[in-house]
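If you read the protein sequences in the order shown, they are chains A and B.
For the first sequence, position 260 matches number 260 in the numbering used here, and the numbering has no gaps at all.
In the numbering used here, each number is its position in the second sequence, counted from 1, plus 349.
Where a beta carbon is used, it is the ideal one built from N, C-alpha and C, also for glycine.
Keep in mind the model is a prediction, meaning the values are calculated, not measured.
Here is the structure we will look at.
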Amino acid sequence: MEFDFIAEKDKFLMLGYGLLAFVAVVGGLLLLLDVVPSWFARRHEAKLVAASASGAPLPRWPKQREGLFALFFLLPTLLLLAVGLVGPAIRTTLLSFMDAGSNDWVGLRNYGWMFSDPAILRVLTNTLVWVILVPLVATSFGLVYAVLVDKVRFEAVAKSLIFLPMAISFVGASIIWKFVYAYRGDDQQQIGLLNQIVVSLGGEPKFFLQESPLNTLLLIMIMVWIQAGFAMVVLSAAIKAIPADIVEAARLDGVTPWQMFWQITMPNIRPALIVVVVTLSIATLKVFDIVRTATNGNYDTSVIANEMYNQAFRYGQNGQGSALAVFLFVLVIPIVIYQIRNLRQQREG
Amino acid sequence: MAFARSRQTLAIAGALGLALGVTACGTGNDKKSSNAGSAECAAYEKYGDNDGKKVTIYSSIRDIEADRLDESWKQFEDCTGIDIDHEGSAEFEAQLGVRVDGGNAPDLAFIPQPGLLKRFVDAGKLKPVGAETKTEAEANYSPDWLKYGTLNGQLYGAPLGSNVKSYVWYSPKMFKDKGWTVPTTWDELIKLSDTIAASGTKPWCAGIESGDATGWPATDWIEDVLLRTAGPEAYDQWTTHGIPFNDPKVADALNRAGTILKNDKYVNGGFGGVKSIATTSFQEAGIPITTGKCALHRQASFYANQWPQGTKVAEDGDVFAFYFPAIDPAQGKPVLGGGEFVGAFADRPEVQAVQTYLASGEFANSRAKIGDWVSANKKLDLANVPNPVDRLSVQLLQDEKTVFRFDGSDLMPAAVGAGTFWKGMVEWINGKDTATVLNGIEGSWK
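Okay, here's the thing in structure tokens:
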């Protein structure tokens, strides 16, 4: 296709404005951050010089001003958080207690609907299966792989093979796997890898993505494929960070590989393990693209994020959509609290 | 030291200011001047003096279809001086709500679902059409059509393009070679299907996969059959929830459609068993007709654009469509179809001028001449419709005997019509029984 720069000039102009605005805002902020403190610093410096010249006691940096400084630096972040995060969160919570058009208060009706409609209950169960299986399988796989390839020849190549899928978007990966699971009639050439294997083993081609509950497991497989690389890289780094003297001491004591893993490796990489599991759990709770691309939530595969989008944006059911969003938020909170606690403990310990 | 650094920052600030100033001068000014006053512009004088005004339109029409739209109203733009800025989006249905709620509503929107139109009317966002648009729309469209844009006695949108859904695509060449004839009754259709099945070919092919709209082609099937078995009155009651969604009449229609769609002897030519209907995309569902693996494919007039390049779409060509036969002669000649309605979120004079123009015969003929477009506009001249299938559609729409009904899923609340109905049809194809599916959909309609 020909690309006409002249015809698209409006878009380029827009791009130019965007870049300039970005440079202006960021540059302006940097400038401000540079000028304001240095101005105060210079004044302070001048006072110090004057004080030392006259022999008076040195003036101290007033405490109150320090707080003011902190506020000044925090203000943009606080403002953006309030506008982009806190505000919408409060609004969504309020909407979840209102009707479809957000006109009247309906109390807990939307939550009642969520926990009584069989279709939505199915969605909640699916999400539960996702959030249990993905972190578990992806982390275990990543851990085992990291331990196995540690210090072997071609470690870098072996690791990149597993890490590569990380570079593929969820939608891209889902399309790839949709082909793996694809079905064609038994009188036709199979285009799906899995069905080709089934057929060459003498079986009948199967509708993999249409058979519940197998299909949910097959979709989970896609996420594991993408995320195992992340788990593997983080855990591999943690394994390498175990002090060599501990490992050596253990060797001298004559541990078996099994003991080495459970008594030396595991306790040492525990913090990294927790980070991986928590990150994967939150990512899994939010999963949307995979289900939407592969099955669009049909055949009993829908998850909370998909149903939330459908209810709020496609069906015009703001209340029910918001209730699902709030529920998703509530589910993430304990995981985040756990993570913060762990971080604190580590810092203190 | 400190002094040197502040000089440096000053230089950065200066460079920034300079760059901003330069681009500010770069904004081009390419406003077209109108050539109002020339002879061909005489017809547009009634739209008033709106030179230099801009009207934004938002729709689901993209790519080549959007280019054709731009071309069709070019003369109107040149003569009136109104600049029409059309934007098409694949996420139109979801994004329109976001834009309207966000205070960024377009002036006009081509809304293909009367159910969605109603949502914006109920929310008080949509403006009723002006007097001139109303006169124009009433002169050009039948009451059957206008009632879908009318709410609480007010007209909110005039129809624009239309499509006819009651078609069965076939290959005239294949029919001639095998000695089959185009069926004109339901019984003939079933008899023909049996004949084809006996010859070793699966007669029907179907596909309902369509991204996040998966399921819609099956809803059309059911609606087409229901309109034929239960009649237009029952159909209207069903789409407005006057009778429950799981009424026995609907169950009958579903079961009758099932005698084709869920019949392993009949489907799914070129793709596999019944379940493959759910995963076959609607775009490729009819293609096996061109390779002789399937003989019949029920799909709307717009399927004409899906055939592979070089396929001749004509009565004596590679593929063509026949009218999906009536079942009960007492119910007349039912035609199921769809179309867009031009709703306005603003009532500035130039917006109303464009709205009036889009309801006019001039626009319908101007757009039809460019090709691949059908409208129920009565002023549309058959001679201006180049494509044989489109001509057939216009004839059907303009036929006095035709009982036109709008696609039911577009009339229902979105949670049903674009939600549980679609999903229910996918489950039905995937093996769930009629009663369970219908009860589930009825339960979701509040």
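Asked                                                                                                             : Found
R468/B versus G254/A, I220/A, Q317/A and L20/A, residue with shortest Cα-Cα distance                              : Q317/A
Cβ pair V303/A, V123/A closer than 8 Å                                                                            : yes
For E394/B and A679/B, the rounded distance between their alpha carbons                                           : 48 Å
Continuous beta strand (DSSP E) stretch holding L457/B: start and end                                             : L457 to I460
Chain A within 8 Å of G370/B, Cβ atoms only                                                                       : Only weak support is given to the placement of G370/B: the predicted model assigns it a pLDDT of 41, under 50, and the value that follows is read from those uncertain coordinates. No, because no Cβ of chain A sits closer than 8 Å to the Cβ of G370/B.
Cutoff 8 Å: F5/A Cβ touching any chain B Cβ                                                                       : no
Beta-carbon separation (whole angstroms), F690/B vs P463/B, contact threshold 8 Å                                 : 7 Å
Counted within 10 angstroms of its Cβ, other Cβ atoms place P412/B as buried (16 or more) or exposed              : The residue you asked about is not Pro; residue 412/B is Asp in the sequence shown. When all chains shown are included, D412/B counts as exposed.
Within-8 Å CB hit, Q196/A to chain B                                                                              : no
7 Å Cβ shell around M166/A - same chain, five flanking residues per side excluded                                 : I226, G229 and F230
For K9/A, the three-state DSSP class (helix, strand or coil)                                                      : helix
Distance CB(V278/A)-CB(Q188/A) smaller than 8 Å                                                                   : no
Minimum C-alpha distance to G556/B - residue among A627/B, G619/B, G580/B and L745/B                              : A627/B
Cβ of K772/B within 8 Å of any chain A Cβ                                                                         : yes
Contact list for the stretch 428-456 of chain B against chain A, Cβ threshold 8 Å                                 : E442, A443, G446 and V447
Spatial distance of N736/B from L787/B (CA atoms)                                                                 : 39 Å
Three-state class that DSSP yields for Y672/B in the structure shown                                              : strand
Of the listed residues P135/A, A244/A and L94/A, nearest to S322/A (C-alpha basis)                                : L94/A
Where Y183/A meets chain B, residues with beta-carbon distance less than 7 Å                                      : G621, S625 and T628
Interface flag, R468/B vs chain A, CB-CB below 8 Å                                                                : yes
Cβ of R314/A within 8 Å of any chain B Cβ                                                                         : yes
8 Å Cβ cutoff, Y299/A in contact with chain B                                                                     : yes
Per-residue burial, Q210/A [other beta carbons within 10 Å of its own, 16 or more giving buried]                  : buried
Beta carbon proximity, N296/A to chain B, threshold 8 Å                                                           : yes
Rounded straight-line distance, which links the Cα of F73/A to that of D34/A                                      : 12 Å
Residue-chain proximity (A764/B, chain A), Cβ-Cβ < 8 Å                                                            : yes
Chain A contact for K381/B (CB, 8 Å cutoff)                                                                       : Note that K381/B has pLDDT 44, beneath the 50 cutoff, so the model's placement of it is unreliable and the number below is only indicative. By this cut-off, K381/B is not an interface position.
Any alpha helix (DSSP H) of 4 or more consecutive residues that is wholly inside the stretch 267-336 of chain A   : 289-294 and 304-309
Option nearest K240/A by Cα separation, candidates V149/A, V131/A and S212/A                                      : V149/A
Within-8 Å CB hit, F207/A to chain B                                                                              : yes
Beta-carbon proximity list for F441/B, same chain, < 6 Å, skipping 5 on both sides                                : S409
Selected residue, minimal CA-CA separation from S715/B, among Y672/B, L729/B and L466/B                           : L729/B
Spatial neighbours of T783/B in its chain, beta-carbon cut-off 8 Å, leaving aside the 5 residues before and after : A600, L603, N604, G607 and W777
Environment of T265/A [buried if 16+ CB atoms lie within 10 Å]                                                    : buried
Interface residues of chain B facing G202/A [CB-CB closer than 8 Å]                                               : The contacting residues do not exist; G202/A stays about 18 Å from chain B at best.
For Q346/A, three-class secondary structure by DSSP                                                               : helix
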